[in-house]
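Worksheet for the structure shown next.
Chains as they are written, first to last, in this note's numbering: chain A, 218 to 451; chain B, 218 to 451.
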């Protein structure tokens, strides 16, 4: 009857029903003092687009987000964080998922010392020592069991070289790479030009597409991997 | 007749008719490389509230704005800038006004060297040398003829001391000071708790008010000064 037809329709379009996905998105901020901070141009749009579509496809989605001006997609559980250390903690606390998509751009470095009071404009120059932040993807490698792990590489040069290195070092299933300096790609844009490198050696390049469409391509690949794993049935 | 009544009504409520006002707002960003930058928590809300109300009160408003997510108020001419040097240039190019309200929070320091390519995560620490940015308010002191100049001081301690020093050094007519760490005050909030210090020694403290209301108080003071100068008639 009609109920079954509708049910079938929605089931067909909900291939991620029962699948738990963690998506990270946005930049992080590393405070210098109560007023100033170091950050990057990540807008969170790519990660939010993935979270939104994954939820529409039936997944249970946790979105771990740095500061953005974007609305939380319907039905998505959002956890707000500020610094890379915060994000690391939130990621490690939410590893009970089937898929991890690391679309965030956490700051690699942070000021060694946080100043409790606003630094007054005085000396002609300031020497600021930055220290390395923990590497979130590397830190979860020992915690990964059978989760599908997807990374991103935003580069300004040698995109393929850096992406392949990250793919291997961080034991990713696949990595979505883009040159953020290319026209139509990168931060705070609604479009992106990506190449997907897979651990099995496959390389797929795409033209300039809306981030919604790129999100769909990434999730289709995730579905393919989940089927191979038999986490979801054909 | 009715047209005159309406006209009179609007004239009454347009005390800044014919007055040109420059408002600066928001943070600036100082790039480290194509991906990273240093900035601060200024949201631009205070400056945008002033620009909006000044326009409604009849002024011709130029809004020189750092990167924000705010909508340009109706009828306001907005000039977008990124760095403190950009803002300095835009301010100096728009000095042909009657009133200058410097509500922006331009970065005091910038990285000495901009890296053309994304700095790769390598060494455990990085020594970043920051150099002083030009001081916009100080730089315009020699250019000020009879413009009313209003400054802001966002501090985390010794608010009165720093505000009085800035008022004198930068030859302001008055300064709007606040402690950004106070509950209900400061960056990215819709309210503010301010004290206005005037060059003539007057000090006026206000309770926690919406930024729209604070904008009204500031513009009322501007109108008082313009009347004293006879730029606008009683």
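Glycine residues also receive a C-beta, built at the ideal position from the N, C-alpha and C atoms.
Treat the numbers as computed from the prediction; the structure is a model and nothing was measured.
The alpha helix (DSSP H) enclosing residue i, as first and last residue numbers
i                      : result
residue 308 of chain B : 301-309
residue 267 of chain B : 262-273
residue 433 of chain A : 428-445
residue 356 of chain A : 353-357
residue 376 of chain A : 376-386
Any chain B beta carbon closer than 8 Å to residue i
i                      : result
residue 290 of chain A : no
residue 251 of chain A : yes
residue 344 of chain A : yes
residue 329 of chain A : yes
residue 305 of chain A : no
residue 200 of chain A : The structure shown does not extend to residue 200 of chain A, since chain A is modelled only from 218 to 451, so the question has no answer here.
residue 387 of chain A : no
residue 374 of chain A : yes
Start-to-end residues for the beta strand (DSSP E) that takes in residue i
i                      : result
residue 421 of chain B : 420-422
residue 465 of chain B : Outside the shown range of chain B (218 to 451) lies residue 465 of chain B, about which nothing can therefore be said.
residue 239 of chain B : 237-242
residue 259 of chain B : First-last for residue 259 of chain B: undefined, no H or E at that position.
residue 287 of chain B : From DSSP, residue 287 of chain B is part of no beta strand (DSSP E); its letter is neither H nor E.
residue 400 of chain A : That residue, residue 400 of chain A, is in no beta strand (DSSP E); it is neither H nor E in DSSP.
residue 415 of chain B : 412-415
residue 372 of chain B : 365-372
residue 282 of chain B : 277-282
residue 297 of chain B : 294-297
residue 323 of chain A : Neither: residue 323 of chain A is in no beta strand (DSSP E) and is coded neither H nor E.
residue 318 of chain B : 316-319
Closer than 8 Å to chain A by CB, residue i
i                      : result
residue 398 of chain B : yes
residue 371 of chain B : yes
residue 254 of chain B : yes
residue 326 of chain B : yes
residue 384 of chain B : no
residue 257 of chain B : yes
residue 348 of chain B : yes
residue 341 of chain B : yes
residue 338 of chain B : yes
Environment of residue i [buried if 16+ CB atoms lie within 10 Å]
i                      : result
residue 409 of chain B : buried
residue 353 of chain A : buried
residue 272 of chain A : buried
residue 366 of chain B : buried
residue 321 of chain B : buried
residue 246 of chain B : buried
residue 268 of chain B : buried
residue 350 of chain B : buried
residue 219 of chain A : exposed
residue 200 of chain B : With chain B covering 218 to 451 only, the question about residue 200 of chain B has no answer from this structure.
residue 359 of chain A : exposed
residue 257 of chain A : buried
residue 283 of chain A : buried
residue 243 of chain B : buried
residue 396 of chain B : buried
residue 276 of chain A : buried
residue 339 of chain A : exposed
residue 452 of chain B : This structure does not reach residue 452 of chain B, given that chain B is present from 218 up to 451, and the question cannot be answered.
residue 444 of chain A : exposed
residue 310 of chain B : exposed
residue 364 of chain B : buried
residue 325 of chain B : buried
Anticipated Cβ contact below 8 Å, residue i with residue j, distance rounded
i                      : j                      : result
residue 314 of chain B : residue 238 of chain B : 6 Å
residue 372 of chain B : residue 394 of chain B : 7 Å
residue 330 of chain A : residue 432 of chain A : Wrong, their Cβ atoms sit about 39 Å apart, outside the cutoff.
residue 436 of chain A : residue 280 of chain A : Incorrect: roughly 14 Å between the Cβ atoms, too far for contact.
residue 378 of chain A : residue 319 of chain A : Not a contact, Cβ separation roughly 19 Å.
residue 438 of chain A : residue 263 of chain A : That belief does not hold up - the Cβ atoms of residue 438 of chain A and residue 263 of chain A are roughly 15 Å apart, past 8 Å.
residue 287 of chain A : residue 261 of chain A : 5 Å
residue 323 of chain A : residue 301 of chain A : 4 Å
residue 343 of chain A : residue 347 of chain B : 4 Å
residue 383 of chain A : residue 370 of chain A : 5 Å
residue 440 of chain B : residue 434 of chain B : That pair is no contact at about 11 Å.
Distance cut-off 7 Å: residue i Cβ against heavy atoms of the ligand MN
i                      : result
residue 419 of chain B : This structure lacks the ligand MN, and indeed carries no ligand of any kind.
Minimum Cβ-Cβ distance from residue i to chain D less than 8 Å
i                      : result
residue 330 of chain A : Chain labels in this structure do not include chain D; the protein chains are A and B.
Report yes or no: do three or more beta-carbon pairs, one from the segment 387-403 of chain B and one from the segment 413-428 of chain B, lie closer than 8 Å? yes
At least 3 beta-carbon pairs within less than 8 Å: the segment 241-255 of chain B vs the segment 322-339 of chain B: yes
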